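Step one of this worksheet: look at the structure below.
2 protein chains.
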Amino acid sequence: MMHTIDWEVGWSDNEHEPPSRWVPAVVPGAVQLDWAKAEHWDDHTYGENWRQYGWMEDKYWTYRARLHHPTLSEGERLFFISRGIDYHFTIRLNGIELIRQEGMFTPVELDITDQIHKGTEIEIVIEPAPKRVDAPISRSQADNSCKPAVSYGWDWHPRLIPLGIWDDTYLVIRPNTHIIACEVFYDLNDTMDQVEVNLKASFNHVVSGELIWKLIAPNHETVFERSCDLSSNTCTLNFSIDQPELWWPHDHGEQSLYTSEVYIKSSLDSQPSAERYRQRIGFRKVRLVMHEGAWKEPSSFPKSRSNPPITLEINGRNIFCKGTNWVHPSIFPGTITTENYRVLLDLAKAANMNMLRIWGGGIVNKESFFEHCDEMGLMVWQEFPLACNLYPDSPAYLKVLDQESRSIITRLRKHTSVVLWCGGNELFNAWSRMTDQSLPLRLLNANCYELDPKTPFIMTSPLDGMGHGHYMFQYSPTEDVLQAMPKAQNTAYTEFGVPSPSSVEQLKSFIPLDELFPPKPGTSWESHHAFNALSENMWLMADQIEHYFGPYETLEQLVECGQLLQSEGYKCIYEEARRQKPRCSMALNWCYNEPWPTAANNSIVSWPAKPKPSYYAVQASCRPILASLRLPKFEWKADEWFEPELWLLNDSPNHVQTGRMEAYMTLGSGDRQLLLTWDYASLAPNENRRGPTARYLIPDLDSMRITLELIVADKPEWNSVYTVLLKGNDQRRRISSSNLNFN
Amino acid sequence: MMHTIDWEVGWSDNEHEPPSRWVPAVVPGAVQLDWAKAEHWDDHTYGENWRQYGWMEDKYWTYRARLHHPTLSEGERLFFISRGIDYHFTIRLNGIELIRQEGMFTPVELDITDQIHKGTEIEIVIEPAPKRVDAPISRSQADNSCKPAVSYGWDWHPRLIPLGIWDDTYLVIRPNTHIIACEVFYDLNDTMDQVEVNLKASFNHVVSGELIWKLIAPNHETVFERSCDLSSNTCTLNFSIDQPELWWPHDHGEQSLYTSEVYIKSSLDSQPSAERYRQRIGFRKVRLVMHEGAWKEPSSFPKSRSNPPITLEINGRNIFCKGTNWVHPSIFPGTITTENYRVLLDLAKAANMNMLRIWGGGIVNKESFFEHCDEMGLMVWQEFPLACNLYPDSPAYLKVLDQESRSIITRLRKHTSVVLWCGGNELFNAWSRMTDQSLPLRLLNANCYELDPKTPFIMTSPLDGMGHGHYMFQYSPTEDVLQAMPKAQNTAYTEFGVPSPSSVEQLKSFIPLDELFPPKPGTSWESHHAFNALSENMWLMADQIEHYFGPYETLEQLVECGQLLQSEGYKCIYEEARRQKPRCSMALNWCYNEPWPTAANNSIVSWPAKPKPSYYAVQASCRPILASLRLPKFEWKADEWFEPELWLLNDSPNHVQTGRMEAYMTLGSGDRQLLLTWDYASLAPNENRRGPTARYLIPDLDSMRITLELIVADKPEWNSVYTVLLKGNDQRRRISSSNLNFN
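Sequences listed follow chains U and H, in order. Reminder that position 376 of the first sequence reads as 383 in our numbering, one-by-one numbering, no gaps. Reminder that position 6 of the second sequence reads as 13 in our numbering, one-by-one numbering, no gaps.
Encoded structure:
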């Protein structure tokens, strides 16, 4: 029995001055959007509109509402509940302060039964966005708070700091005796054929009555029903299940979810309890284990340690993690809906991804995100809200981080999909300068150990052995990504990117026509991250596109060539990471999606959920089984020996039967020619096979694209296709797809 | 008012069967020594005598005593206190169980006032030494307990597992109202010119009366006196001191120690309180910081993390840590006295060492050890009792580790000298196979964070960048330690060793005459670790001694040449580690001392406290300022260019004035010749200076020793001397000191 509230919002320059104007507020949402709507502003994603919002981050915003609530019966209590208010706020009822809190991830739950009789005006005053005094106008301003740093400005996110009620907020009536906390834990034995299920519940009163606990199997049958009486404030119940159905990532098995249902059956009257506490449980074991061969390194004296483990093991099985870095899909997290999450997660699953790294620069997602992941078999690497900053050892910061991390852990530990905790992003690198000694990270370790010890915890990414970057196709004038990747010997590629421009249609949707072509700094191209993002030419990187394809004449040419580089680059990295198994066990590109439409970005899905061509390239490279080519480099010249290496990659839990693979090559629009035939032997589950190397002398021709195709007999779903370039001595340097054969 | 107890001890085959024979027991001590004394056995350190003790580890040992205690006055309570009982035990009074405990580091404190009236027999039943079922007879047996692993057998420790009451154990009378816990904490500000001192005390009763707190300065003047009344069970008092005197390691400043004194002044009667709680406090700030240049690495993409920090900073100053690995100085820790500690610590300080790593294979030392270190300005790296094993994630083990680690941390955090916590020894290496994910290490990090957050914590040693080993002079047929060390680029050398035989006199003291020469496996040489310790020829390593010096004919020759290799090897490593500053900031050799007399070992102090020649070599290499030579290798042949590099090393907080250094060379017993003169410019505090390289063509002569001397004008205390070998083509291969000039 939830009751919504009709809110208004307004701003003032200080905490105690009431707003002079009130406008309707959408909750959950953001104060900025309410104000923009009232002012009839154009969409913030278009052109330079976002600049209008800058002043709002420094105001005091007040929400107010008159509470219309049903009359309470004898023995009923009224609660005000908010799942999240961003960021520093005070709640007042009839002018009396009820709570003052810093932190958007700790929910508010207030019994207002007694106060409500004296009046019904609720106010929530939101303080200006937190900023460290004396910090430059950058993410550094966020380094003393638990406010996600991304909105202070990032190379793919404008400076725009959301504020306001960002998650579900409502009134609810509860019976006098009700459950305060209620959670199911489990202990799966080593052979995974028995699980001890354990309910811990607490209530606000000791009364006569009983608590009923039911567990319902994935097939909807009741596994058991237990009860305990309410003669003490807490209750613990246990049950053991033989042969439980296990939860697996989607590419390894079923996503079996049990449902626990708990409610109070009062003996005082016959009316049923108002609330049933439901929790879904997927039984699984998760560990980070050392990769095969890891203990043999280092081998020489003085001897250091082996690399830390980053191979994920689910239910005793090593899982090669293929996935991506998730950023929140809107500048304003308050507007993200369960449907927004579902569409993006469906796409991720369809791309054969099994893991999402929830990057620490952004928010911790809402409940529906994790519910979808539990159901879809997508594994979640969850970071705390720390990124690229030196978060301090100060008592004030540690206090908020303690509160926020406890709230995050106790909420998310219920979700089977959350398989890894991480302190935050790139905290051990030169631009952050935190270390293993930093108290915020030691605190997070301690809290995760205390509250969720069965889920692995790492302090940050990258750790030793893991790699971040690079974020471009051409690493140096003499090295492209195809050359660089086989030299890297990382245990996990937890960030890597290749940028591309967004599609022409997308670009036209937010760049004014007069700025559209050619792309220039100082226009909407720049504020949408095509220039001066991470460096002068990032993320459009037209210099690299021109290096390979010659000068562009149209926007279509620029976009097509940039997107080809992105696609081929990503294919190389995902497949090379897979070839480096078992040392490597993870490939997560930077990044999946976007919070608003970018002009150029490393993303593979444009805002809000439009796949780029690279999405399909990644989808192909992440297939559980595929034919793969190790291409020595991207650009070829006459008389060079072209020597691609054939591979059959298998990350699946299944055997692969013996078979035949054929490699074909097509020069430009010429005829397809057979390069090599490979009769491969059978593969064990999760086994790759390195095949033969073809040899082909590059002929002296004009510049053109070369298409490579791998055809697997009777398994067309494993076929693959790649493009490389022949760079001829012709004067006409431009190589575009319009006059050439490109698959 | 402590009252000692007269104990007897006996053994039986099971817990409930009483011993059939009782013998007098020395407490603290070990059951084995009591039994041996009663049986009139020879010393366990001689020959193969230690073998007699094997059966005792599997018996139930019972201590018993009749308590003779003074009559208690009205309102007095009698307490039984033991600071440590090893390992799993039950205490009974008049047959009634009072406590059952696993863990030797958690003290016992029992109010027995009420029980004592019913009888006065106390019994302590010690269970057999803990062993993991099915583990091989090795240190692996200790991998499910907090019993130090070393006594299960190590390459320098025989298999002999002590059991019994190992620390002070006594009765004490306390007034009815007394202090239960009382500790002073402090917070030194960033500029270190103000310190907030904070007393937290708790009492067993709320009564009228007051608690008096005094702080006494190093010069014995009272800094302040405060009081609070006893109207609640706890009391917190604060005081701020301006310009506090700081505590420094001995080579960097004073060891200023304040004394806190706390007692209860009862208003009920005029008698003074029985106990005064004294705590010494040294104000200092400790951090682990990144070394200069660390953030620039790694530089290439995919980019991993920088090495973790291991540079110790005290009071804002980087300290180069020179020291050693401490092992407990007796097989039976119960016998170690404050005087034993003092003698060994005096030697360490005299050797210019400023840090001791208390290796996790051994015990956590008794209080007097830390009191000495506080006073002497010796820094302590304290490990928990985990070493070279895979300690499990099991709830049973974690429970004991939680208890033991909390006891260890709360005891040791009071000691200024304890500057670093470490989970244990070599836990992240192939022979242990623990990782950052291991719950025991996450627990230790969490407990240290909770109880002593201002002291750094590392999970184990080595971590990334740090090195252990090697433990020999010649690393391979083509590489000696002088060649290997400059190639190593570690951030800290936290273990490195070069073995040598013990002195002839020492060898004669425990090896029967008929086994003395030549050394052979299967004799006391082997059981005292000269053979088949870590490998077949370890630790005597006569093959390496013969490789350099030719066949030996007498024990004296063998010992002298082995000790020369050890001395020159250690000089190389300590000085090379110092030359690698600032990347390197620590050099701790393996190991300092021994638990019993070894025939050959990496130690520099023979049991119980006899310096080997290498002790003096290390002492020279650890001088705060010294002339140092980087020698390219140890063995030279005719016509090779000998190119030693001159250095002036300064780890001190002082400037070094300009000066002159001369390098001299002496071939065998020939004349000393000047190699090079270097006029060096002044040095800043903690600055090294790399000087010129001499060049000298090795002449074609018979085999002999070459002596190198560095002479510093007006600073003879900085002079250094080194030995290398000339390996001639002469048939007479033996090079010994008897006929050659060796300094």
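C-beta atoms are modelled at their ideal positions from N, C-alpha and C, and glycine is treated no differently. What you are looking at is a predicted structure, and each value in this text was computed from that prediction instead of being measured.
Note down, in chain order, every chain H residue with its Cβ under 8 angstroms from the Cβ of residue i.
i        : result
U:Tyr482 : Phe308
U:Gly474 : Phe308, Pro309, Lys310, Ser311
Using a threshold of 8 angstroms, state whether the C-beta atoms of residue i and residue j are closer than that.
i        : j        : result
U:Ser445 : U:Met386 : no
H:Thr69  : H:Glu130 : yes
H:Glu232 : H:Ile219 : yes
U:Gly216 : U:Ile271 : yes
U:Asn693 : U:Cys591 : no
U:Met199 : U:Asn322 : yes
What residues in its chain sit with their C-beta under 6 angstroms from that of residue i, if we drop five residues either side in the sequence?
i        : result
U:Pro340 : Trp173, Ile370
U:His475 : Pro469, Glu502
H:Leu427 : Trp388, Pro463
U:Arg630 : Asn359
Skipping 5 residues on each side, what residues in its chain have a beta carbon closer than 8 angstroms to that of residue i?
i        : result
H:Trp438 : Cys395
H:Asn695 : Arg585, Arg586, Lys588, Trp654, Leu655, Leu656, Asn657
H:His257 : Lys356, Asn361, Met383, Gly384, Leu385
H:Val407 : Glu109, Gly110, Ser152, Cys153
Taking all protein chains shown into account, do 16 or more other C-beta atoms lie within 10 angstroms of the C-beta of residue i, making it buried, or fewer, making it exposed?
i        : result
H:Tyr623 : exposed
H:Asn750 : Only weak support exists for where H:Asn750 lies, its pLDDT of 34 falling under 50; the coordinates are left without a value.
U:Gly368 : buried
U:Ser509 : buried
U:Asn245 : exposed
H:Arg364 : buried
U:Met9   : exposed
H:Leu206 : buried
H:Asn736 : exposed
U:Gln39  : buried
U:Asp646 : exposed
U:Ser80  : exposed
H:Asp13  : exposed
List, in chain order, every chain H residue whose beta-carbon is nearer than 7 angstroms to that of residue i.
i        : result
U:Asp471 : Ser311, Arg312, Asp471
U:Trp302 : Ala437, Arg440
Residues of chain U with CB under 9 angstroms from residue i, in chain order?
i        : result
H:Arg449 : Asn452, Ala453, Cys455, Tyr456, Pro460, Phe464
Between residue i and chain C, is any beta-carbon pair separated by less than 8 angstroms?
i        : result
U:Gln444 : In summary, chain C is missing from the structure at hand, where the protein chains are U and H.
Within the same chain, show all residues whose beta-carbon is closer than 7 angstroms to that of residue i, passing over the 5 residues directly before and after it, in chain order.
i        : result
U:Asn746 : Because U:Asn746 sits at a pLDDT of 42, beneath the cut-off of 50, its placement in the model cannot be relied upon, and the following sentence gives the value as read from the coordinates. No residues qualify anywhere along the chain.
U:Tyr159 : Ser145, Arg146, Gln148, Ala149, Arg166, Ile168
U:Thr127 : Arg73, Leu74
I want to verify the contact list: residues of chain U whose CB lies under 7 angstroms from the CB of residue i, in sequence order.
i        : result
H:Met297 : Thr442
H:Pro35  : Ordered by position in chain U, no residue passes the 7 angstroms Cβ test against H:Pro35, which lies about 35 angstroms from the chain.
H:His477 : Phe308, Pro309
H:Pro315 : Thr442, Asp443
Kindly list, in the order they appear in chain H, the residues whose Cβ is closer than 9 angstroms to that of residue i.
i        : result
U:Arg294 : Gln444
U:Lys207 : Under the 9 angstroms cutoff, chain H gives no residues; its nearest Cβ is about 17 angstroms from U:Lys207.
- [ ] Give the residues from the segment 416-442 of chain H that approach chain U closer than 8 angstroms (Cβ to any Cβ), ordered along the chain.
- [x] For chain U, the residues of the segment 416-442 of chain H that bring a beta carbon within less than 8 angstroms of one of its beta carbons are Phe435, Asn436, Ala437, Arg440, Thr442, in chain order.
Open item on the list: What are the residues in the segment 495-511 of chain U lying within 7 angstroms of chain H by C-beta distance?
Closed with: If the cut-off is 7 angstroms between Cβ atoms, the segment 495-511 of chain U has Ala495, Asn497, Tyr500, Phe503 near chain H.
Open item on the list: Taking beta-carbon pairs under 8 angstroms, can you tell me which members of the segment 382-403 of chain H lie near chain U?
Closed with: For the segment 382-403 of chain H, which is checked against every Cβ of chain U, not one residue is closer than 8 angstroms.
Open item on the list: Any C-beta of chain H within less than 7 angstroms: which residues of the segment 8-23 of chain U qualify?
Closed with: Per Cβ criterion, the list is empty.
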